[in-house]
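For the sequence shown, this note's numbering gives the first residue as 77, with consecutive numbering after it.
Inspection log for the structure reproduced underneath, given as structure tokens.
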Amino acid sequence: MPTYQCKFIREGEVLQETRDAENESLLIIALQNEGVIPLNIRESKDNIISFLFPSAGTGLKVTQKDIGIFTRELATLLGAGLPLDRSLAVLIDLTEDGTPINQMTGNILDKVKSGAPLSDALDGQNKVFSRFYLNMIRAGEAGGSLESVLERLADYLEQSKELRDTVSTAMIYPIILIVISFVSVFLLLTFVVPQFTEMFENSGKELPIPTQIVVGVAELLKSYWWAIFAGFLLLVALVKFQLSDSKRRRVWDYRFLKIPMVNDLIVKLQVASFSRTLETLLGNGVTLLAALSIARETLTNSAIADTVEKAADSLKQGGGMSEVLIDSGQFPKMALQMIKLGEETGRLQEMLGKVSITYDKEIKTAIHRMLAMLEPALIVILGIVIAGIIISILMAILSVNDLAF
């Protein structure tokens, strides 16, 4: 029976669940019978082969960078006094014909000209825009401050992109170092070591144990390199398979928070994202309860997202948010104190802004600290491996020379 990812509205809240059904039509009927409003239903890819060879999507491939530029330019044009439809037409002229962003802007313009509000036009672009983005636009339309909301969104997207770029840029050198290390060791074992193997075999003397190990590994790599490569692909597919389902991913997310050093970076990334999103939403008049529900969707770690959901439940029951975050033991103490102070003084938005700025800096520091330990460790490990291979060969050569004399 196929498995489907369902997104629906229940009691005014957007939820997502995994359901089994014979087909999509029967699933929609079942959801409607439960009294919920189906929003989106798609079949899950629940097998390893589909992860090795994913099919191409049918939607427009608009990048986050494109969305950031679109948001900033639209805010600028509206700020210059142009009406919405004229601003969108100008954006179409500014982009190259046939590009995804050009087509998307054309689709939005068509919907706006037909009388749809901007939020509905954006919502019809095949999930290009997040729920956070759409709710911000709706808040701006309701309050008559669309220009300022777009400015806030552009700032938010730029800050988020800067943080992602910091992480990805910092990881380039370690990744290159790891790849070069594996390639160097592979070439050494598969091309250099076999050159000495025949000489060792003709010596008639038992080789030292280190040399036997190196020769054995070299023969294994030379004969079964394809199996090792296939095993690596299988491992990657298995990881994607494990993380694809919400239940399995939740288990792994809780495990990730228990790994030393890694958990610190994960928590800081999530706290920075959560604080920035919540601060931006509150600044545009979104209620705290609705903002928590939206901010939860921006979190990538299910364990921390569950804590935010519990905080939202506490607010529904008349409680506070900070108490739940404190009881979870997941959030850093400084962030908790600032959030609690913001709740008590009515300056939550301001405190959340300071938390996001603080932890953006903390993330950069944590990454630099981690790389400062990782890079020399990789160099030392590579040096030890290569030195071990060379020493094992020299030991064998010396033993052969001793036999000759």
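For glycine and all other residues, C-beta sits at the position ideal for the given N, C-alpha and C.
Annotation: T421 to L103 spans about 47 Å, alpha carbon to alpha carbon. Non-local C-beta neighbours of I462 in its own chain, meaning closer than 8 Å and more than five positions away in sequence, comprise S260, V261 and L264, ordered along the chain. In terms of CA proximity to G220, P193 leads the group R240, P193 and A230. Boundaries of the alpha helix (DSSP H) harbouring V261: L222 to L263, taken from the DSSP string. The C-beta separation of L417 from M410 comes to about 11 Å, leaving the pair out of contact by the 8 Å criterion. Rounded to the nearest angstrom, the gap between the Cα atoms of Q346 and L401 is 13 Å. P408 sits in coil when the DSSP states are folded into three classes, being neither helix nor strand. Put simply, the backbone Cα of Q201 is about 13 Å away from that of Y209. D96 is bridged by DSSP to T79. When P284, A218 and L375 are compared, the shortest CA-CA separation from N360 is found for A218. For secondary structure counted as the alpha helix (DSSP H) over 4 or more consecutive residues, the segment 404-453 holds these complete runs in sequence order: 409-421. Sequence-distant partners of M449 (beyond 5 residues in either direction) whose C-beta falls short of 7 Å from its own C-beta are missing from its chain. For G111, the closest C-alpha among the options I117, I473 and F84 is that of F84. Minimum Cα-Cα distance from L229 among the listed residues T356, D436 and I370 corresponds to T356. In the same chain as L198, and ignoring 5 residues on each side of it, the C-beta atoms closer than 8 Å to its own belong to I184, V204, F205, Y209, L210 and I213, in chain order. For P176, the closest alpha carbon among the candidates L319, F146 and R207 is that of F146.
DSSP, reduced to helix, strand and coil, places F272 within a helical segment of the structure shown. In its chain, beyond the 5 residues on either side, P284, P286 and T287 have a beta carbon closer than 7 Å to the beta carbon of M471. With contacts defined as CB atoms closer than 8 Å, R118 and Q81 qualify as a contacting pair. For the pair A371 and T353, the CB atoms are nearer than the 8 Å cut-off. Distance from the CA atom of R207 to the CA atom of L368, rounded to whole angstroms, is 12 Å. Under DSSP, I117 takes part in a beta bridge, and its partners are C82. Of all C-beta pairs linking the segment 310-328 to the segment 385-403, fewer than three are shorter than 8 Å, placing the two stretches out of contact.
Within the segment 361-392, the complete alpha helix (DSSP H) segments at least 4 residues long are 364-374 and 378-392, listed from N- to C-terminus.
In the DSSP assignment, D321 falls outside any alpha helix (DSSP H) and carries neither an H nor an E.
Residue S351 holds the alpha-carbon nearest to the alpha-carbon of M414 among S351, Y300, N339 and L160.
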